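One structure is given here, and the rest of the page talks about it.
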Amino acid sequence: MSSATHPLITTVKSLVDAATAPTAGLSGAAAHGKFPLAGGPDGFVGSVIDSSTSLIAAQRHDIVRFGMGAPAAEVIPTEELKALAGEALTVESFGYGATEGEPDLIEAILGLADSDGAPTSAERISVTAGGMQGLDLAFKLFVSPGDLVAVESPTYTNGSATAFAYGADLLEIPMDQHGMDVDAFEAIVGELDRVPKAIYVIPNFQNPSGTTLSEERRRKLLDLAHRWGSVIIDDDPYGDLRFSGEHVPSFSALSPQDPQVFSVRTFSKVIAPGLRVGWVDADARLRTLIGNAKQTMDSCTNVPAQHMVSRFVTGGGYADHLARLRREYHARKDAMVAAIGRVLGERARTTDPEGGFFLWLTLQGEDAGVDTEALFETALARGVAFIPGAALSPSRQFRNAARLCFASSSPERIEEGVARLAGALDAVGQR
Ligand code: PMP
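Per full-length UniProt numbering, the very first residue in the sequence shown carries number 1; after that it's consecutive.
Right under this line is the structure:
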């Protein structure tokens, strides 16, 4: 089939054509005010909702925030980080650092990779300003305008928006409870006249669905990538936050030093997002290119923040810290699944994640026709925020679904938020 008009493919052109009127005097993406995906036909995506949510939340402190994917404030190791900041703020750290990252942090990262069973080497590591910069570097390096990039459906909007920003056509691949349906993927590509240049995948406790890609499917995805010459952009911010079930080996553990695997990692979810520290682990031959690209972005990642992170990771308490996060998030996930079961019953079904931050709620039965974008306004007025499903799909599927973050709220607040959500559903149903 010609891929120009395939129903699973969304192109930049189709979005720009559907976007709002151009702004006089500007050209390109700027003429449309935003990147096409973020602007969208009606300007309604995750990042927009997150920022409007936080604006409203600034005025209404009692809002239950299931929208944003932020770590709980009470599990951020504030006191420890404050103490480490004192040590990290040296005169050397106020100068420019190495573009590829501070050696002590790279050393700490190698230790983490080792314990994950995916040994790597310093030449493969580049420190980044969080996971987002890693994704930006990946798409910048691998994607030219018009290239096909496969994404999970649903997917993380800031990831797909980054691919769009570099001109990708996005191919949405269906998922089930074991993650991306790789057999369907193979069949879909078999019908196209081209193969994906990159495969963007969030293998553990996926944002937004909460599902984990099985080992069998990881192996098959590696096979497909090798057959097609595609790069796997392996975005894994949540892998260390498994609170139940069995660990699944990473792509790098299954295929060590694979030149077709580009791993994007971040400390945002396990230490603190405001520090903006992450890394990429990729073929050593890419390091110069990554460094050149990073030079034009920020020259180097914030140096004191890197020293704080490396001290925190190697200081002896990191394993206990992670164990505490897992315990806390497990309790919150359980609270959310139980509250939804009790309060919404047959009106909704959810995924039951084994880690991470998010679960995916699908309205069913009499509520199957409810549009969660329409529900969003009512829910916000009643004091609960979430991300509507359509905001997490380039072609805006999943109109009766939503992403809920269980990580940011205490179990009591989760109960309250689910009750408010049910109230909003009732209100929408009665209209
Ligand atoms: N990828 C995924 C799947 C995420 O959920 C996030 C954070 N929401 C990021 C990347 C970006 O991470 P960071 O905040 O470190 O830039």
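Just so it is clear, CB atoms sit at the ideal spot from N, CA and C, and this is done for glycine as well. Model, not experiment: these values are computed from the prediction.
(message) With a threshold of 7 angstroms (Cβ to nearest heavy atom), would G286 be considered close to the ligand PMP?
(response) Checking the sequence shown, residue 286 turns out to be Leu, not Gly. L286: no, Cβ never under 7 angstroms from the ligand PMP.
(request) Select from R332, D234, P256 and R399 the residue whose C-alpha is nearest the C-alpha of G369. (result) R399
(message) Using a 10 Å radius around the Cβ and a threshold of 16 neighbouring Cβ atoms, would you call P203 buried or exposed?
(response) buried
(message) Can you tell me whether G95 is buried or exposed? The criterion is at least 16 other CB atoms within 10 Å of its CB, across all chains shown.
(response) exposed
(request) Enumerate in chain order the residues of its own chain whose CB-to-CB distance from E377 is below 7 angstroms, with the five nearest sequence positions on each side excluded. (result) none
(message) For the pair the segment 79-97 and the segment 280-297, tell me if three or more CB-CB distances fall below 8 angstroms.
(response) no
(request) Take D42 and list the residues in its own chain whose beta-carbon comes closer than 6 angstroms to its own, dropping the five residues that flank it on each side. (result) Interpretation of D42 is limited by its pLDDT of 26, a score under 50 that renders its predicted location unreliable; no figure is taken from the coordinates.
(message) Count Cβ pairs between the segment 405-421 and the segment 322-337 that sit closer than 8 angstroms; are there 3 or more?
(response) yes
(message) the ligand PMP and D334: does the residue's C-beta get closer than 7 angstroms to at least one heavy atom of that ligand?
(response) no
(message) According to DSSP, is T11 part of a helix, a strand, or is it coil?
(response) coil
(request) Could you tell me which of A113, T10 and K82 sits nearest to V280, measuring between CA atoms? (result) A113
(request) Report the rounded CA-to-CA distance for A161 versus D298, giving the unit in angstroms. (result) 20 angstroms
(request) May I ask you to check if the CB of G345 is nearer than 7 angstroms to at least one heavy atom of the ligand SAH? (result) This structure lacks the ligand SAH; its bound ligands are the ligand PMP.
(request) Would you mind giving the Cβ-Cβ distance between E373 and P388, rounded to the nearest angstrom? I have them listed as a contact below 8 angstroms. (result) 4 angstroms
(request) Return the CA-CA distance between G67 and T296, expressed in angstroms with no decimal places. (result) 32 angstroms
(message) Rounding to the nearest angstrom, what Cα-Cα distance links K82 and F312 in this structure?
(response) 11 angstroms
(message) Taking the straight line between their C-alpha atoms, what separation do you get for R124 and V303?
(response) 19 angstroms
(message) At the level of alpha carbons, what is the spacing between G356 and V264?
(response) 16 angstroms
(request) May I have the straight-line CA-CA distance separating A108 from A129, to the nearest angstrom? (result) 16 angstroms
(message) Please report the distance separating the alpha-carbon of G345 from that of V337.
(response) 11 angstroms
(message) For S250, which residues in the same chain have their Cβ closer than 6 angstroms to its Cβ, ignoring the five residues on either side in sequence?
(response) A118
(request) Have a look at G316 and Q257 and give me their C-alpha separation to the nearest angstrom. (result) 28 angstroms
(request) Look up I76 in the DSSP assignment and say whether it is helix, strand or coil. (result) coil
(message) Just to confirm, is the Cβ distance from L171 to L148 under 8 angstroms?
(response) yes
(message) I need the DSSP call for D281, collapsed to helix, strand or coil.
(response) strand
(request) Quick one: residues in its chain with C-beta nearer than 8 angstroms to the C-beta of R349, no 5 flanking neighbours on either side, listed in chain order? (result) L361, T362 and Q364
(message) Taking 6 angstroms as the limit between beta carbons, can you name the residues of its chain near V418, skipping five residues before and five after?
(response) A339, I340 and V343
(request) Could you give the DSSP three-state label for S310: helix, strand or coil? (result) helix
(message) Buried or exposed for P259, going by 16 or more other Cβ atoms inside 10 Å?
(response) exposed
(request) Output yes or no for whether 8 angstroms exceeds the beta carbon distance between F185 and A150. (result) yes
(message) Using a Cβ-based criterion (distance less than 7 angstroms to any ligand heavy atom), does N400 qualify as near the ligand PMP?
(response) no
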